[in-house]
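Engineer: Okay, handing you the structure first.
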Amino acid sequence: MCQEDEQGAQVSDTEISALVGWMATNSDGIHDMDIVEYCSRLGARNYNFMNYPVGGMKRSSWLPEKDGVPPPIDLPDLQLDVKLWGTYVIGRISDWIDCDANESWLADLSCVEIEKELNYMTYMPLRVLTLELKHRDSPKLAEILTKWMWTRNMTYSVWIFLPTDENHLPVSDCGQDARDIWGIWADFRSLCTNYPMQKLAVGLRLCPNLADEFLEPRLYKRWHAEPLCSFCIETSIFTSSGQYGKCTLPPAHYRLLMDLFVSMVQRPLIHSNSSEQVDEHLRLQYVNMIKQLIREKAIRSKEAALVGNDDNVLFEYLGHREYIDTLQMPLQPLADNLDSGTYAIFEEDSVKYDLYREAICHAIEDLVKIVGEEQSIVVYLLGAGRGPLMQMIIEAEELFNAKSCNRRDLLKLELYSMEKNAHAIVTLQFRNKYHWKNRVRIIEGDMRKLSEKVKAGQFPPPDLVVSELLGSFGDNELSPECLDSITDILRPTTISIPQKYTSYVAPIQSVRLHQKVLCCSGGTKYFERGFPGRGRLEPVKLQDGTYALPECPEASQFDEIYVVCMRSVCELAKPKAVFNFEHPNFEQKSNARSACIQFTVDMQSECSNFFQLMGFAGYFTAQLYRNCQLSIVPQTHTKGLVSWFSALIPLRHLYRLRKGTEVIFHIERKIDTRGVWYEWFCEFQDLLGPRFWISYWNYYPILANVLYYSVTFLSAVQTVGEEYVALVPLISGQQHKVPFFTRRLFFVFSFAVAPFLIEKILERIEGNLEDSLIAGETLFFNRKQRNLRKSLLHLVTSIRYTGIPVLYRLNLALFYLFGTYYYISKRLIGLKYVSFRAQSNYQALSYFRFFGAINIAQIVSSVAIWIQDEVRKRVTVGFRQLSEPRISEEEDDLDGHSKQMYLSIADYHSISMGFIDPVEMRNNILKMAASLLACGLDPEKTILFQQSRVADHTNLMYILGSLQTIARLTRMPQYKDKAAAFKQGDIPVNLQLYPILQAADVLLYKGTHVPVGDDQTQHLLLMRDLAVKCNTVLRCDFFPVPIQISAKCARLKSLESTTKKMSKSMGNDRSRILISDTKKVIAEKCAKALSDSQSSITYEPEKRPAISNLVTLYALATGLNIENVIHECANLDTKGFKSRLAEQIDAHIAPFREKYEILLQQPQIIRDILMFGTQRAEKKARETMAELRELLGFDVFQQINSYHHYSKSLDI
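For this note's numbering, count along the sequence shown from 1 and bump the result up by 257.
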């Protein structure tokens, strides 16, 4: 954490060693001229670097005195190579320098001398400079560092150390300071303008006594949100325990260090606070103890990462380290086309797709009950991308068919896939052709236009809608708008996956993320000025021919929602729900939302009063269907889910909050014809501070008027003004009688309260009408309702902004003309005044009447202008032009599906009878793979790999060979048949080991079912026997006992011999039908196929095996049963039957042959598929063999390595 984030990614996964340093002090002596020797001595004690005064130890040890002159800087750079300085030494400001000392002479001297050392630090090839805060407030030091960071080209970072004991930073005598250590650092950081950690970071000096804030995890975890780069551990903390007197840390210090140490780039330092030299043996124990602690943390992190628990895992063990605390813009799949790499990243999340598959299975079960078994189920995948969810839909269908054995027919879904990205359509078409058997109808276009196509009859309405449109904040990728656009074509029973989702927010503290958002502003590269922004501004062409976005001064980088894998944060309160959306939205609820969420920032602590709010973290939970839930909320996070990081909703400034402050977060989801956006702001309510009182300032005049008139007019007492001018309020028409109490009360209400209430009511009505009109931009809003609300809004705004001001001016004009009723409230109750003094200034009255006439003229002119504007508005008509999208369509149906399995190209088996030509071997491997792929094998469901590329096949074969006898292998029927081709004594060993290797092929992957022909039954029995024997030896059910899966169809015989099966092992190609055979070749093979002397077509396997074999082949090619084949071909003779058989076979394999030829022309695709499958197979094989070796006692190296650790030592 002390360097750039990228350095964390450079740490090796295989060997992570802690780097621990020693802080040199005067007790070790002065080594300004023998740094090399001093480094070597520390390296021999297992230290990796040291902290040494940049001006030299002699200068650092100087005792300051008034009018004294400190020693000059004297640490020559030629003692070490440039690279070695940066590797083994970090600098330190001289210990006596104190820019904020109480003595003015020392402060002035320190300010001068620290400038010298900062300058010398720039000259030296060092990368880090440390110094320690000596006061609770250090404004002068902050000012010097701020000037350097902003104005000088600093090539090093500054680490500011703070003690964990508040007694080292005492409160001055003149006042009280309730700040804790974190608060002191936060203030100093703020004085340094919160400069990023590349130049300014913080370290903690672990003292024997810990402040209360370092004893409570909820408090010291605030340091996770800071650029914490180092720990300085005092030697006085270490204690000796145990019979060997090894050094240990107290439990509180141990827990603190384990919790705050989050990355191997953090640098622990050991510091002796004693004036005596540390014993070399103790020095070695100190470093070994710290390294052992870090190794324990690494081991725990590795274990936690494996089980998916990353609450306290070292950054190096996270699977997505490059994303840690990295700001990313949310994806805009509707506006932008995603690239292949982005699709690939999201498709790696197996947890997400497993949950989707489970949800789809539940939905299919419910839909079958609803629509019945006779009707097909229409499934739409919206926003298909590259098709991973379509794969889940097909797998869900297969799982349903596997469970529903009682159904008369297999369920076959009617599949539609819609995607607007034309580039992803290419991938979908490929997968549809080679993976999905052209079952899926692919629709290119915007899903929001699907409704028009369905209404036009081009596509059927859906029974199930599946989508993956959720963002990190749930709805921020426009899932509600996309799914609502098809609501009018849904059936009442249509199911949507997901069904509903809810967004959450929580207040967070993180100066790190605040700095990163700050770094997003300014500095736009010249040649990137025209890149589209996140707002609605479009790039414009400048006079010089370049492009740039228009300047927008009011826009801020803090007005964006980001996506971040948050680690350097401290959550200030638990998340709360914000917006909720449900689908299908049959009630046509508006997607415009507003929410006001209140949080209480209370860390449940008595020792800390301040926290710092940076912004809010956004999460979501989604209910896919039934109990299938997705969640990225920390408290309920779906284990292993990696597709979504948290959303970051920043505030423009860091806000220091008092303990117990109420944080009120306002957020609105707004919609218009051009898009959707969020607006948010935050309020703080602190009863002990001024913000709370200022927030109610507009109520104070009302309260003051109510109180004033209550104690005067309401109590039948003159006001101060009335008493001063000798006026008495009376009721009009009644002399010498004050108004009744009810009239006086009505006056107080109408004068003080009614105007405020009327304004608030009109404001609320106007706001609600505006929100409803914004929501009216959605597809399903009633036009009549919209016009009505528009008219009401116009009426309300006219009353508020025109009617009420005109009424006030009219009342004032009447007062000027007639001399009564200055307030409307007094006019309502008919209140007049009687004066006890003579009124003689009649000339002033004429002036007032003149003012009244002017007011009347202004009112008339204003009303005339308003009426004219209204008339003009009513004759203005606007037009909006819409365009239809173009949709390209492709449809083809082909039956067939495959199940997931391990399938190897058995090249080892092919040499059991001898080697073949290498070129022929390579071609055979490619042809076999192409044949399988052309027949519809899905390389994502079925692991297709090359047998010889997985070495553990032969490893397991050797182990299994110890459990079988040569006698039984010799008795195997296939061995006898193939051994007959060799002379006695020339039989290859591999021919006899063939069934052992075959057993290893299955047991290595713990196969449970093996699809083989009847001729392999003996081999399967031997395989089952080996599994049982091995489990007996291991004393556990390690290998499952495989079950044979036999083909439902009859066994095909060779076209040339009824005693042999149709097989590739037969030497003559005319004995079999190949996928590469052309129509002409097939016709020739069928014409020459073995038959008998009878011309009729019958099925009698015992009497007429040759013609029965051809009938079986005809049935397989056409999908008919044997009886229907005999009935269809009853009028044909043998020649005619063979001719029709050739036509049917060619029609059946033609699509496969076409795919086969295309694949052979692109061998790299085949190689990539084989490599992909081999990697997956190797992973499973390694797991099986690792478990087997452990059970057999072969894992001696693993036992040694689990306790053998490596550590780097400094050696020059």
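A virtual CB, placed ideally from N, CA and C, is assigned to each residue, including glycine.
#1: Is there contact between the stretch 615-632 and the stretch 699-709, where contact requires at least three CB pairs shorter than 8 Å?
#2: Closest by CA to ILE921, which one among CYS885, GLU676 and PRO764?
#3: Would you say ILE247 and TYR1413 are within 8 Å of each other, going by their C-beta atoms?
#4: Quick check: ALA812 and VAL835, are their CB atoms within less than 8 Å of each other?
#5: Is it buried or exposed for ALA1284, if we count other Cβ within 10 angstroms and need 16 for buried?
#6: Considering only residues of the same chain and omitting the five flanking positions on each side of ILE1086, which have a CB-CB separation below 7 Å?
#7: May I ask you to list the residues that DSSP assigns as paired with VAL821?
#8: For LYS927 and GLU1020, I'd like the C-alpha separation in whole angstroms.
#9: For ILE1472, count the other beta carbons within 10 Å of its own beta carbon; 16 or more makes it buried, fewer makes it exposed. Which is it?
#10: Do the stretch 721-741 and the stretch 632-640 make contact, defined as three or more Cβ pairs closer than 8 Å?
#11: Just to confirm, is the Cβ distance from LYS833 to VAL933 under 8 Å?
#12: Quick check for students: name the residue ranges of the beta strand (DSSP E) that lie wholly in the stretch 711-754, counting only runs of 3 or more.
#13: What does a CB cutoff of less than 7 Å around SER888 pick up in its chain, not counting 5 residues either side in sequence?
#14: So is CYS1293 buried or exposed if we call it buried at 16+ other beta carbons inside 10 Å?
#15: Going by Cα to Cα distance, which pick from ILE490, VAL1290, GLY460 and LEU656 is closest to ASN466?
#16: With which residues is ILE1061 paired in a DSSP beta bridge?
#17: Based on DSSP bridge pairs, tell me the residues matched to LYS1318.
#18: Would you give the residue range spanned by the beta strand (DSSP E) that LEU461 belongs to?
#19: What's the call for LEU1278, buried or exposed, on a 16-neighbour Cβ count within 10 Å?
#20: Mind reading off the beta-carbon distance from GLY278 to ASN305? Whole number of angstroms is fine, and I expect it under 8 Å.
#21: Can you name the residues that DSSP bridges to SER888?
#22: Could you please give me the residues that DSSP links to THR759 through a beta bridge?
#23: Would you mind working out which of VAL293, THR408, ALA1434 and TRP439 sits nearest LEU1201, comparing C-alpha positions?
#24: Hey, ALA224 and LEU881: beta-carbon distance below 8 Å or not?
#25: Suppose you measure from the CA of SER661 to the CA of LEU740; what does that come to, to the nearest Å?
#26: When you compare each of CYS618, GLY312, LEU1449 and LEU1377 to ASN1288 by their alpha carbons, which one comes out closest?
#27: Do the stretch 817-829 and the stretch 474-485 make contact, defined as three or more Cβ pairs closer than 8 Å?
#28: Enumerate in chain order the residues of its own chain whose CB-to-CB distance from ALA1484 is below 6 Å, with the five nearest sequence positions on each side excluded.
#29: Does at least one heavy atom of the ligand NAP sit under 7 Å from the Cβ of VAL723?
#30: Can you find the residues in the same chain that come closer than 7 Å, C-beta to C-beta, to ARG1206, ignoring five residues on each side of it along the sequence?
#31: Are the stretch 524-537 and the stretch 425-441 in contact at 8 Å, needing three or more beta carbon pairs?
#32: Can you tell me whether HIS894 is helix, strand or coil according to DSSP?
#33: Just how far apart, CA to CA, sit PHE603 and ALA681?
#34: My assumption, with CB atoms under 8 Å, is that ILE1354 sits in contact with ILE1383. Please give the rounded CB distance.
#35: So what's CYS486 in DSSP terms, helix, strand or just coil?
#36: Evaluate GLY731 with the Cβ neighbour count: other Cβ atoms within 10 Å of its Cβ, from every protein chain shown; 16 or more gives buried, anything less gives exposed.
Structural biologist: In this structure, then:
#1: no
#2: PRO764
#3: Limits of the chain in this structure are 258 at one end and 1469 at the other, which puts residue 247 out of reach.
#4: no
#5: buried
#6: PRO996, ARG1000, PHE1003 and PHE1004
#7: SER903
#8: 18 Å
#9: No answer is possible for residue 1472: it lies beyond the span of the chain, which begins at 258 and ends at 1469.
#10: yes
#11: no
#12: 721-724 and 752-754
#13: THR878, HIS894 and THR895
#14: exposed
#15: ILE490
#16: According to DSSP, ILE1061 bridges with nothing at all.
#17: LYS1310
#18: 457-463
#19: exposed
#20: 6 Å
#21: THR878
#22: ASN837 and THR878
#23: ALA1434
#24: The requested residue 224 is not part of the displayed model; the chain covers only 258 to 1469.
#25: 31 Å
#26: LEU1449
#27: yes
#28: Because the chain is modelled from 258 through 1469, residue 1484 falls outside the range shown and cannot be assessed.
#29: Absent from the structure shown: the ligand NAP. Ligands present: none.
#30: THR1431
#31: no
#32: coil
#33: 14 Å
#34: 6 Å
#35: strand
#36: buried
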